[in-house]
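See below for the structure under consideration.
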Amino acid sequence: MNIEKKIYKKLLTVPHGKITTYNELSKSIGLENGQRLVGQIMKKNPFPVIIPCHRVIKSNGDIGGYLFGIDIKKNMLRKEGICIIKNKIDNFKDVFFTF
DNA sequence: CGTAGGGCGAAGC
DNA sequence: TGCTTCGCCCTAC
Numbered sequence: 003m004n005i006e007k008k009i010y011k012k013l014l015t016v017p018h019g020k021i022t023t024y025n026e027l028s029k030s031i032g033l034e035n036g037q038r039l040v041g042q043i044m045k046k047n048p049f050p051v052i053i054p055c056h057r058v059i060k061s062n063g064d065i066g067g068y069l070f071g072i073d074i075k076k077n078m079l080r081k082e083g084i085c086i087i088k089n090k091i092d093n094f095k096d097v098f099f100t101f
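Structure representation (structure tokens):
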């Protein structure tokens with residue numbers, strides 16, 4: 003299976019209201035340091051609506067990037083009950099989801 | 001076939 | 001704290 007397929011699949015397992023990091027996602031598919039790759043895959047994802055790419059953030063709690071802008075991403079996250087303060091996840095540890 | 005570069009990460013100043 | 005530099009894996013050119 004393609005790397006990207008794996009990533010999408012994994013990403014889909016992240017429950018509503020929870021988030022994960024590029025690093026964790028990468029590790030979950032067997033890559034210890036595939037963070038950048040994950041980012042690339044995200045921006046190339048064929049179905050942004052289906053794939054919750056907004057639930058993926060940086061490991062330092064920062065929002066990271068988004069296809070349509072990080073502000074959109076922030077709104078999406080907030081809507082899911084995740085507190086965001088100044089481009090950073092507030093209750094980062096609470097909403098963090100590990101595979 | 002070689003190389004640059006991306007929604008990153010961690011270490012070094 | 002905040003910015004810079006280098007390292008990572010894979011895809012696209």
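Letter by letter, the first sequence follows residues 3 to 101 in the working numbering. We put the beta carbon where it would ideally sit given N, CA and C, even for glycine. Here the structure is a predicted model, which is why all the values come from computation and not from measurement.
Start-end ranges of the alpha helix (DSSP H) lying completely within the segment 41-99, minimum 4 residues: Note on the segment 41-99: whole alpha helix (DSSP H) runs with a minimum of 4 residues are 72-81, 94-97, in chain order.
Given that a residue counts as buried once 16 or more other Cβ atoms are within 10 Å of its Cβ, and exposed if not, what is K45? Sequence index remark: in the first sequence, residue 45 carries index 43 (1-based). Exposed, since its Cβ has fewer than 16 Cβ neighbours within 10 Å.
Return the residue from the list S61, I74, I5 that minimises the CA-CA distance to V97. Locating residue 97 in the first sequence gives position 95, counting from the first residue. Of S61, I74, I5, the residue nearest in Cα terms is S61.
Which value, in whole angstroms, describes the spacing of the CA atoms of K95 and V16? Translated into the one-based positions of the first sequence, residue 95 becomes position 93. Translated into the one-based positions of the first sequence, residue 16 becomes position 14. Using only the alpha carbons, I get a separation of about 15 Å.
Comparing alpha-carbon positions, which option in L14, R38, H18, G19 lies nearest N25? As a working mapping, residue 25 is identified with position 23 in the first sequence. Taking the Cα of N25 as reference, the smallest distance to any Cα among L14, R38, H18, G19 is reached at R38.
Whole angstroms is fine: what's the gap from V40's alpha carbon to C85's? Counting from 1 along the first sequence, the entry for residue 40 is found at position 38. Counting from 1 along the first sequence, the entry for residue 85 is found at position 83. The straight-line gap from Cα to Cα measures roughly 24 Å.
Quick one: is H56 buried, meaning 16 or more other Cβ sit within 10 Å of its Cβ, or exposed? Numbered from 1 along the first sequence, position 54 holds the residue referred to as residue 56. It is buried - the Cβ of H56 has at least 16 other Cβ atoms within 10 Å.
Would you list the one or two residues that DSSP bridges to I2? No information on residue 2 is available, as it lies outside the stretch 3 to 101 that the chain covers here.
I9 versus R80, H18, V58, I74, residue with shortest Cα-Cα distance: Residue 9 sits at position 7 when you count from the first residue of the first sequence. It is V58.
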